[in-house]
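What the sequence shown shows, in my numbering, is residues 354 to 631, in sequence order. Here a beta-carbon is modelled for each residue, glycine too, at the ideal position from N, C-alpha and C. None of these values were measured; they are calculated from a predicted model. A quick write-up on the structure given underneath.
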Amino acid sequence: MPARPSLLYVTDLAYPARGRRYCDEDIFLTSRLRADFDIALCHPLDATALMDGFDAVVVRNSGPVLHYQQEYDTFRERATALGIPVYNPLTGRADMVGKQYLLDLAGAGYPVIPTVDRPEDLERLPETASYAVKPKAGADSIGLRFVTRAELAGLTWGDVLVQPRVDFRYEVSFSYVDDMFQYALYAPDPDRRWVLEPYEATEADLDFARKFVNWNTLDQGIQRVDACRTPAGDLLLVELEDLNPYLSLDRVPESVQDAFVTAMADSLHRFLGTVGRP
Numbered sequence: 354m355p356a357r358p359s360l361l362y363v364t365d366l367a368y369p370a371r372g373r374r375y376c377d378e379d380i381f382l383t384s385r386l387r388a389d390f391d392i393a394l395c396h397p398l399d400a401t402a403l404m405d406g407f408d409a410v411v412v413r414n415s416g417p418v419l420h421y422q423q424e425y426d427t428f429r430e431r432a433t434a435l436g437i438p439v440y441n442p443l444t445g446r447a448d449m450v451g452k453q454y455l456l457d458l459a460g461a462g463y464p465v466i467p468t469v470d471r472p473e474d475l476e477r478l479p480e481t482a483s484y485a486v487k488p489k490a491g492a493d494s495i496g497l498r499f500v501t502r503a504e505l506a507g508l509t510w511g512d513v514l515v516q517p518r519v520d521f522r523y524e525v526s527f528s529y530v531d532d533m534f535q536y537a538l539y540a541p542d543p544d545r546r547w548v549l550e551p552y553e554a555t556e557a558d559l560d561f562a563r564k565f566v567n568w569n570t571l572d573q574g575i576q577r578v579d580a581c582r583t584p585a586g587d588l589l590l591v592e593l594e595d596l597n598p599y600l601s602l603d604r605v606p607e608s609v610q611d612a613f614v615t616a617m618a619d620s621l622h623r624f625l626g627t628v629g630r631p
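As structure tokens, this is what we get:
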């Protein structure tokens, strides 16, 4: 491995995310990571053709893979066949492979919004005015809809999850590099979920988030644990993002940005077995 490893950094700079600018975040991160790595940016549809010319592939803000599922599956297969390191590693158990993890975690007793995927399990859900129906392969709220209890009777099952529409005080996200907590952000107004502010996480909050990071068993990589705070004060998991979590780095102080970049660079060096700057 050369002193300066080369990274193919996968990002969709033109992806039209609501309330966010993916391109700004990836321009910032790559500008800082160049202190340790030789970096080239590419669109996710170009990654398979280009990746064998680099020491590793870093998948960042590449957009929902359901827009290019076949190409993404080919990318995973070729990277595995060639032994090319991919960061995050392709062994993630959460959003990287769909929403099945919500069922698995709920079944194992983790603090997750109640989730079912069969009509015979509807009795496990609390009575509420409406229910969220989500595609198992969904991302970025694509395909999300809300229905009444009566409308569930006409639902086509198989590729969807059903959850109660939970009243909550706010949503909060905890960002990790490897197993190290970096920062938390929250949306004080539930109707403006992308207007985020720094959040001072308590020990109880971090104990909650770490349960899911530990469950996912990723030795290296970036994860975001999304949760909602119920009126009773409890936290419930909304999403465990381990594929390409948007980091909202523009919402944290410069010192936190610096610490995140350092943590990410150190993680990549460990991942590649190289030594960073002294």
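Pair within 7 Å by beta-carbon distance, F428 and T401: Result yes, Cβ atoms of F428 and T401 sit closer than 7 Å.
Given 8 Å as the limit, is there contact between the segment 512-521 and the segment 453-466, that is, 3 or more CB pairs closer than that? The segment 453-466 and the segment 512-521 touch, with three or more beta-carbon pairs separated by less than 8 Å.
Quick one: measure Cβ to Cβ for A540 and E524, integer angstroms, because I've assumed they're closer than 8 Å. Between E524 and A540 the Cβ distance is about 5 Å, and since that is below 8 Å, they are a contact.
Is T364 closer than 7 Å to R431 when the C-beta atoms are compared? Their beta carbons are not under 7 Å apart, which means R431 does not touch T364 by this criterion.
From which residue to which residue does the beta strand (DSSP E) around Q573 run? First-last for Q573: undefined, no H or E at that position.
Beta-bridge pairing of D579 - partner residues as DSSP gives them: Beta-bridge pairing links D579 to S526, E592.
DSSP-derived helix/strand/coil call for Y421: Looking at Y421 - three-state DSSP - the assignment turns out to be helix.
Can you give the Cα-Cα distance for L394 and G406, rounded to whole angstroms? The straight-line gap separating the alpha-carbon atoms of L394 and G406 is approximately 13 Å.
Assuming the contact rule is C-beta atoms closer than 8 Å, N569 and A447 should be a hit. Round their C-beta distance to whole Å, please. Yes, N569 and A447 are in contact; Cβ-Cβ is about 6 Å, under 8 Å.
According to DSSP, is G626 helix, strand or coil? In the three-state reduction of the DSSP assignment, G626 falls in the coil class.
What is the DSSP secondary structure of D408, counted as helix, strand or coil? The answer is coil: DSSP assigns D408 none of H, G, I, E or B.
May I ask which residues mark the beginning and end of the alpha helix (DSSP H) holding A554? No alpha helix (DSSP H) holds A554; DSSP gives it neither H nor E.
May I ask you to report which of helix, strand or coil DSSP gives V519? V519 falls in the coil class under three-state DSSP.
Does F428 come out as helix, strand or coil in the three-state DSSP assignment? In the structure shown, F428 falls within a helical segment according to DSSP collapsed to helix, strand and coil.
Short of 6 Å in beta carbon distance, which residues of its chain neighbour S359, apart from the five on each side in sequence? Order them along the chain. Contacts found: D391, F407, D408.
Give the straight-line distance between the Cα atoms of T615 and R545, rounded to the nearest whole angstrom. Across the structure, T615 and R545 are spaced so that their CA atoms are roughly 31 Å apart.
What residue does the alpha helix (DSSP H) around S359 start on, and which one ends it? Premise fails: S359 lies in the beta strand (DSSP E), 359-363, not in any alpha helix (DSSP H).
Is the beta carbon of L386 less than 7 Å from the beta carbon of A612? Cβ distance not < 7 Å, so L386 and A612 don't count as in contact.
List the whole-angstrom C-beta distance separating R577 from E556, where the pair is believed to meet the contact cut-off of C-beta under 8 Å. Taking 8 Å as the upper bound for CB-CB distance, R577 and E556 are not in contact here, some 20 Å apart.
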